Amino acid sequence: MRTDSALFGSRFVVLGLALAAVPVGGCSGDGPTSRPGTWVASEQQRAAAPTPSEADVNALRRGNLGFAAGVYDALRESQNNLVFSPISVSLALAMLHGGARGETEAQMAQALHFELPPERLHPAFNWLEQRLSSREADDDALRLRVVNASFGQEGYTFVPEYLDLLAENYGAGVSLLDFAGAPEASRQAINDWVGYETYDRIPALLPPGSVTPDTVLALVNAIYFKADWMFPFSPERTSIETFHAPDGEVQAAMMHGRPRVSWYTAGDDYQALGLAYRSDGLVEGRGLDMVFVLPEEGGFEGFEARLDGALLAEIVDGLEESDVLIDLPRFSFGAGTDLRGVLAGMGMSDAFDGQADFSGINGRRDLYVSELRHDAFISVNETGTEAAAATVIIAEPVSLPIRMTFDRPFLFLVRDVETGALLFLGRVMDPTA
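End of the sequence shown = 503 in our numbering, gap-free, step of one.
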């Protein structure tokens, strides 16, 4: 893959970033800062209440699950912990897809598992993003922010229809910066904005040299997520226990609990557990949850190898309310990935070289993608709840609970139950790393 701007014309950058702190205490800052640069946007307003058909919603869900599994498969080769946000990457690339034409557009649709034509795809993403943005709880038990932005070169001409698409479906205008005259200052301005949106969890998404005088456009999606468990773990019960990591045994802080409500399913070679977050003021229902998938002992690599969108759907659709004893390690880590090779390997090769056709953005075939970075962070622990006391006696049938002990590598996903959107997907190989 070549990225010589003298051969391929102007550069632009696509960025996907995400932060999950699950659950955490308070965080600094109290809202998004204004974007740097001069703001240029379409006169069109965002479609406030898109109503895609049930068939379109199902197609979007199916495609997003397939894309998530495809990226996971490409990233799983190492033995490291892994986390990324499928929906963040999909939203950033959906904005890019809106300017793709010809074979480039076809390759993107295939790699991203986009089943819908553009006139239905972008309104469906608009619906999905607005549903996600409505999840915040009144009592701050859950915070979910989904933000799109684009940054363009001062004086550069963008196709008006492309600006309309960004405005109507993604709520994004273009902030004009001087990439040509001040590339490092522009890079820092974008990083500062990203850092603020993610409460400084991702302070340096763009590394030095990633923005050059040839850069003309950067597309960004950011997700920030913070939530309290519906039924939190008690810190007093956490103990140091053995976790069987690929490189040998490690001593991890293991949380223990038996939530009043949890969800469970099992397949031939895995068990899965769903734990709900408090959201939309819910107490007994689920707005968002985190699903932990434990492959059978000795079968982790085989399970990963067969993971696809259909298996992800089987897992989440099979969850049923159950009584489960849980032994789960605390973990916290981040991951940064250059996704150009991943997406090229998934069939989206033209976007990164001289074959690219993004004439829907500027009216010419002189753009290619020079950077496609994605950073994510996740933290799972017992906290994020106030302490209180009350006594109640409830008579319930006695049943033998299921026990799930996550003392070996496992997968996790954070999802929105209604839409099926995967906010985060990853694995824990070593909770102490």
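C-beta atoms are modelled at their ideal positions from N, C-alpha and C, and glycine is treated no differently.
A quick note: this is a predicted structure, and the numbers were derived from the prediction, not measured.
In DSSP terms, what residue i is bridged to
i	result
threonine 335	Ala342
alanine 315	Gly318
histidine 167	Note: histidine 167 sits in no beta bridge, so no partner.
proline 365	Tyr340
aspartate 359	Ala346, Arg485
serine 309	Met324
valine 159	DSSP output for valine 159 lists no bridge partner at all.
phenylalanine 154	Leu495
alanine 550	Outside the displayed span of the chain (71 to 503) sits residue 550, for which this structure offers no information.
methionine 178	According to DSSP, methionine 178 bridges with nothing at all.
arginine 473	Leu395
phenylalanine 480	Val498
Rounded C-alpha distance that separates residue i from residue j
i	j	result
tyrosine 269	glycine 433	37 Å
phenylalanine 195	threonine 227	26 Å
methionine 178	aspartate 427	11 Å
leucine 345	proline 329	8 Å
alanine 380	alanine 297	28 Å
alanine 119	valine 127	14 Å
glutamate 371	isoleucine 431	42 Å
serine 158	glycine 241	15 Å
glycine 172	leucine 236	20 Å
leucine 145	valine 412	8 Å
glutamate 175	threonine 121	25 Å
arginine 201	glutamate 488	9 Å
glycine 96	glycine 424	The predicted model places glycine 96 with a pLDDT of 35, which falls under 50 and marks its position as unreliable; any figure quoted below should be read in that light. About 47 Å.
phenylalanine 301	glutamate 452	10 Å
methionine 360	leucine 492	10 Å
arginine 485	alanine 139	14 Å
methionine 325	proline 283	50 Å
leucine 409	leucine 442	5 Å
tyrosine 232	glycine 169	6 Å
glycine 454	valine 264	Residue placement at glycine 454 cannot be trusted, given a pLDDT of 28 that sits under 50; the coordinates are not used to answer.
alanine 446	arginine 435	32 Å
glutamine 115	alanine 211	31 Å
proline 278	alanine 259	13 Å
glycine 327	phenylalanine 303	6 Å
phenylalanine 422	serine 309	49 Å
methionine 499	phenylalanine 476	11 Å
glycine 417	leucine 377	19 Å
glycine 369	aspartate 234	49 Å
glycine 415	proline 501	30 Å
tryptophan 521	leucine 398	With the chain represented from 71 up to 503, any question about residue 521 goes unanswered, as that position is not in the structure.
aspartate 143	asparagine 150	13 Å
arginine 271	glycine 133	29 Å
threonine 312	glutamate 319	6 Å
phenylalanine 536	aspartate 387	Shown here, the chain extends from 71 to 503; a query on residue 536 therefore has no answer.
leucine 483	aspartate 420	31 Å
aspartate 338	phenylalanine 373	10 Å
isoleucine 385	threonine 407	26 Å
glycine 490	aspartate 393	23 Å
8 Å contact criterion, which residue i and residue j should meet: CB distance rounded
i	j	result
arginine 205	leucine 198	So it is not a contact: roughly 12 Å between Cβ atoms.
phenylalanine 494	isoleucine 448	6 Å
leucine 395	proline 471	5 Å
glutamate 185	alanine 219	The pair is not a contact, with the Cβ atoms about 27 Å apart (cut-off 8 Å).
leucine 382	leucine 135	5 Å
arginine 400	valine 450	6 Å
glutamate 366	tyrosine 340	7 Å
alanine 342	phenylalanine 362	7 Å
proline 193	alanine 125	Not really, about 13 Å apart at Cβ, beyond 8 Å.
glycine 225	valine 244	That belief does not hold up - the Cβ atoms of glycine 225 and valine 244 are roughly 12 Å apart, past 8 Å.
glutamate 267	valine 217	6 Å
Quick one: complete alpha helix (DSSP H) runs, 4+ long, within the stretch 418-446? 429-432
The stretch 285-299 in contact with the stretch 157-176 per 3-pair CB rule at 8 Å: yes
Any contact of the stretch 319-334 with the stretch 251-263, i.e. 3+ C-beta pairs under 8 Å? no
Pick out the complete alpha helix (DSSP H) segments inside the stretch 240-281, 4 residues or longer, and give them in chain order. 253-267
Quick one: which unbroken alpha helix (DSSP H) runs of 4-plus residues sit fully inside the stretch 372-416? Chain order, please. 379-388, 410-415
In chain order, which continuous runs of the beta strand (DSSP E) of length 3 or greater are located wholly inside the stretch 185-223? 212-223
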